[in-house]
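Engineer: Reminder that position 572 of the sequence shown reads as 572 in the UniProt record's numbering, one-by-one numbering, no gaps. Where a beta carbon is used, it is the ideal one built from N, C-alpha and C, also for glycine. Please read all numbers here as calculations on a predicted model, not as lab measurements. Okay, here's the structure, questions in a sec.
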Amino acid sequence: MSMLPKRNNVATELTWNLTTIFENDEAWQRAFDNAAQAGDRAAKWQGQLGTSAKDLADGLAAILQAYRQIEKVYVYASLKSDQDTANAKYQGFSAQAQSLWTKVSAQTAFMQPEILAIDPDTLTTWLQTPELKLYQHFIENLVAEREHVLSTDQEALIAAAGDALNASSATFNVLNNADLQFGEILDEAGNAVQLSHGTYGELIKSTKRSVRQAAFESLYSTYKKFQHTFAQTLAGEIKKHTFDAKVHHYSSARAAAMAENQIPEAVYDTLVDTVNAHLPSLQRYLAFRKQRLGLDELHMYDLYTPLNGKPPVSYTIDEAKAVALKALAPLGEDYLSHVRDIFDHRMIDVVENQNKRSGAYSGGSYDTDPFILLNWQDSIDALFTLVHETGHSVHSWYTRHNQPYVYGDYSIFVAEIASTTNENLLTDYLLRTQKDPAVQAYVLNYYLDGFKGTVYRQTQFAEFEHWLHQQDQHGLALTAEALNQQYAKLNAHYYQGVVQDPQIALEWSRIPHFYYDYYVYQYATGFAAASTLAAGISAHKPNAVDHYLNYLKSGSSQTPLDTMKAAGVEMTKPHYLEEAFAVFDQRLTQLIALLDQKG
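Below you can see the structure in the form of C-alpha cells.
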C-alpha cells in the first residue's frame with residue numbers, strides 16, 4: 001500500500017527553505033513581538049492624521065510599517081502550518097498571527113475615517129506636497145470609498161470581530177485538510193492506494209474506468225457524511241460577506257467585493273452571459289469525448305481521463321523545471337533569471353506529505369521570497385501547475401522589486417492573468433516542439449480540459465457563488481439540501497448530455513474558493529486575458545514582452561483595468577472573451593482531426 005510520508009521524512013531538497021524568512025522559531029517570536037509593538041506605535045497616531053501633511057505622511061508610514069512586519073510574521077506561520085496542518089505548534093503560530101492581524105486592524109481602524117474627515121480642498125493641497133506624493137494614489141482610492149466607510153469606533157469594532165467572523169473559513173480548512181479521511185481504493189494495478197486530495201487529481205484521470213469511478217464515489221461518500229457541517233461553514237462565510245457589505249452600505253456582497261478591485265459588476269455579468277452563449281462549444285467537446293471513449297453514457301467521472309489513453313509523457317520535478325525554462329523563454333532572459341532563482345534556491349515545497357495542505361499556491365510577503373506549495377505527482381498536469389504557480393511568484397518578485405510597499409501587492413483580478421499566460425506559453429511550446437502526434441493530441445486535450453476547468457467550470461462556480469449570496473441576502477436558508485439541489489441544477493445546465501451522477505451535487509462542499517468572496521470569476525476572466533497576451537508574445541508582436549513586464553511591475557500603482565489596458569487587453573468589453581473561445585473552437589477542431597486521422 002502506498003502511504004504518504006510524514007513531514008519529517010521528506011527529503012530536505014524537496015522542501016522550501018523558510019529560514020530565509022526567520023532563522024528559527026525563536027526569531028519568529030521576536031519578530032512577532034516587534035510587530036505587536038509596531039501596531040502599538042501605529043495606534044498612537046489616532047487623532048493626528050488630519051493635523052498636517054507631514055503628520056499624515058508620518059502616520060501612514062507607521063501604519064504601513066506595522067502591516068509590513070505583521071505580514072512577514074503571518075506568512076511564516078501560515079507556510080509552516082500548511083506544510084503539516086496537524087502540527088499543533090504551527091497551528092498555534094498561525095492562530096497567534098491571525099489574532100495579531102485582527103488586533104492591529106482594530107488599532108488602525110481610525111486611518112480611513114480620519115483621512116475622510118479632512119476637508120477635501122485641504123487634502124487636495126496636501127497631496128501636492130513632497131511628503132505625500134508617494135501616497136497620492138493610495139489616498140485617492142481611500143477617498144473614493146467615502147460613502148462606505150464607517151466611524152472610527154465602528155470600523156474598530158468590526159475589525160476586532162475578525163477572528164469570530166473568520167471562524168467558518170478556519171473550520172472548513174481544518175476539517176477539509178486535516179480531519180477528512182477518504183480511505184483506500186484499488187489503482188490500475190490492483191494495489192491499494194490511499195485516496196487524498198492530491199492523489200484524487202490523478203486517479204480521476206485514470207484510463208481504467210473502474211478506478212476513476214471508485215475515486216469519485218469514495219471521495220464524495222466522505223463529503224456526504226459531513227455535508228451538513230460543510231453547509232454550515234459555507235453559510236457562515238456567506239453571512240460574513242453579506243454582513244460586511246450591508247454595514248458598509250453596499251447594495252450587495254458582490255458590489256462590495258468588486259469595488260475593492262474597482263471592477264464594474266458588468267464585467268461579472270458579461271462573463272456569465274458570454275460563457276453561456278458558448279455552451280454549445282463545451283457540449284460539442286463533451287459529445288466528442290463520449291464518442292472517443294466509446295461510451296454509451298458519459299458520466300461526471302469520465303470528464304478528466306485523457307482521450308488518447310495514458311499521457312505519452314511524464315515529468316519529474318527536475319524535468320519539469322527544464323521544460324518550463326524553455327517554454328517561458330519568449331518572456332526574455334530577465335524573466336528567466338527569476339524563474340531560475342525560484343527553482344534553484346528551495347522556494348518550492350514539492351511533494352505531498354501527511355496532513356499537508358492540498359492543492360498548490362504561490363505565497364509570500366513584501367519581505368520574503370515568493371514561495372510555492374505543490375503536491376507533486378509526476379505528470380504533465382504537474383508541469384502545468386509548476387508553470388502556473390511560477391507565474392504568480394515571478395509576478396510577485398517584479399511587483400515587490402519595482403514598487404514601494406504601499407503598492408507592493410496586486411489585486412486578485414490581475415493575479416490569475418500572470419499565471420495563466422505562462423500556461424498558454426507552455427501549451428504553445430509543447431505543440432510547437434513535440435512532433436509525436438500522440439503528444440500533440442494529449443497537449444490539445446489538456447488545453448481543452450484546462451479551458452473547460454478554468455473558463456467553463458469557474459464560471460459555473462461564479463454563478464453558484466452569486467446564487468449563494470443572493471439567497472442569503474433575501475434571508476433564505478443555505479441548507480445542505482438547498483445547496484445540493486441548486487448545484488445539481490446548475491451542473492446539469494452546463495454539462496448537457498452527461499449523466500448527472502448524484503454525487504456531483506456535493507461538489508460545492510469541497511471547493512475552498514467559495515470562502516474567498518467572489519474570487520472564482522477571476523480565473524475565467526484571467527484565462528481569457530492571458531490567451532490574448534500569450535498570443536501576442538508568441539507571435540513576437542512589437543513591444544508585447546515590454547508591455548507584459550510593465551504589467552508585472554505595476555503592482556497596485558494603478559487600477560486593475562488600467563493596468564490590463566496598458567498591457568493591451570480591454571476587459572470591460574467581451575472581445576477578449578470571444579477571442580479565447582475562438583482559440584478553444586480551433587483547438588477542438590484540431591484535436592478531432594488529429595484523433596480521427598489516427599483512428
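1. With distances taken Cα to Cα, identify the nearest neighbour of E507 among K452, F230, V387.
2. Spatial neighbours of A257 within its chain, please: C-beta separation below 6 Å, excluding the five flanking residues on both sides.
3. What are the complete beta strand (DSSP E) segments, minimum 3 residues, inside the segment 365–429?
4. Rounded to whole angstroms, how far is the Cβ of N355 from the Cβ of A178, which I believe are closer than 8 Å?
5. List, from N- to C-terminal side, the alpha helix (DSSP H) runs of 4 residues or more that fit wholly inside the segment 240–304.
6. Suppose you measure from the CA of L175 to the CA of D119; what does that come to, to the nearest Å?
7. First and last residue of the beta strand (DSSP E) that includes V193?
8. Per the DSSP calculation, residue 606 is bridged to which residue(s)?
9. Spatial neighbours of T420 within its chain, please: C-beta separation below 6 Å, excluding the five flanking residues on both sides.
10. For T199, which residues from the same chain have a beta carbon less than 7 Å from its beta carbon, with the 5 sequence-adjacent residues on both sides left out?
11. Quick one: is G475 buried, meaning 16 or more other Cβ sit within 10 Å of its Cβ, or exposed?
12. Can you give the Cα-Cα distance for F584 and D121, rounded to whole angstroms?
13. Can you list, in chain order, the residues of its chain whose CB lies under 6 Å from that of N375, leaving out five sequence neighbours each side?
14. Can you tell which of A462, S365, N191, R510 has the C-alpha that lies nearest to the C-alpha of R68?
15. Once you ignore the five residues that flank Y398 on each side, which residues in its own chain have a CB closer than 6 Å to its CB?
16. Could you tell me the distance, in whole angstroms, from the CA atom of N402 to the CA atom of I139?
17. Whose C-alpha, out of A62, V387, D472, is nearest the C-alpha of residue 601?
18. Can you give me the C-alpha to C-alpha distance between H345 and L14, rounded to a whole angstrom?
19. Rounded to whole angstroms, what is the Cα-Cα separation between D369 and A418?
20. Three or more C-beta pairs under 8 Å: does that hold for the segment 298–315 against the segment 199–214?
21. Taking one C-beta from the segment 250–265 and one from the segment 401–415 each time, how about it: are there three or more such pairs within less than 8 Å?
22. Closer than 6 Å by C-beta to F216: which residues in its own chain qualify, once you throw out the five before and the five after it? Chain order, please.
23. Exposed or buried, T108, counting other C-beta atoms within 10 Å across all chains shown (16 or more means buried)?
24. Assuming G363 is part of the beta strand (DSSP E), what are its boundary residues?
25. May I ask you to verify whether the segment 421–432 touches the segment 280–293, counting CB pairs closer than 8 Å and requiring at least 3?
26. What residue range is occupied by the uninterrupted alpha helix (DSSP H) comprising L186?
27. Pick helix, strand or coil for D341, following the three-state DSSP scheme.
28. In chain order, what residues of the same chain have a beta carbon less than 7 Å from the beta carbon of residue 612, not counting five sequence neighbours either side?
29. Rounded to whole angstroms, what's the CA-CA distance from M347 to P5? Just pull it up for me.
30. Return the bridge partner residues of V499 from the DSSP annotation.
31. Taking the continuous alpha helix (DSSP H) assigned at S531, which residues delimit it?
32. Just verifying my parser: in three-state terms, what is the DSSP assignment at D436?
33. Ignore the nearest five residues each way along the sequence and tell me which others in L127's own chain have a CB closer than 7 Å to its CB.
34. Is the CB-CB distance between Q283 and P560 below 8 Å?
Structural biologist: Let me spell this out:
1. F230
2. D517, Y518
3. 371–373
4. 6 Å
5. 253–260, 265–277, 279–293
6. 49 Å
7. 192–194
8. Given that the chain is displayed from residue 1 to residue 599, the structure contains no residue 606 and the question cannot be resolved.
9. G526, F527, A530
10. V193
11. exposed
12. 52 Å
13. G198, E352
14. S365
15. L552, K553
16. 20 Å
17. Beyond the ends of the chain as shown, which are 1 and 599, falls residue 601; an answer cannot be given.
18. 11 Å
19. 17 Å
20. yes
21. yes
22. Y301
23. buried
24. 361–363
25. no
26. No alpha helix (DSSP H) contains L186, which is instead part of the beta strand (DSSP E) from 184–186.
27. helix
28. Missing from the structure shown is residue 612; the chain here goes from 1 to 599 and no further.
29. 20 Å
30. H299
31. 521–538
32. coil
33. Q136, I139
34. no
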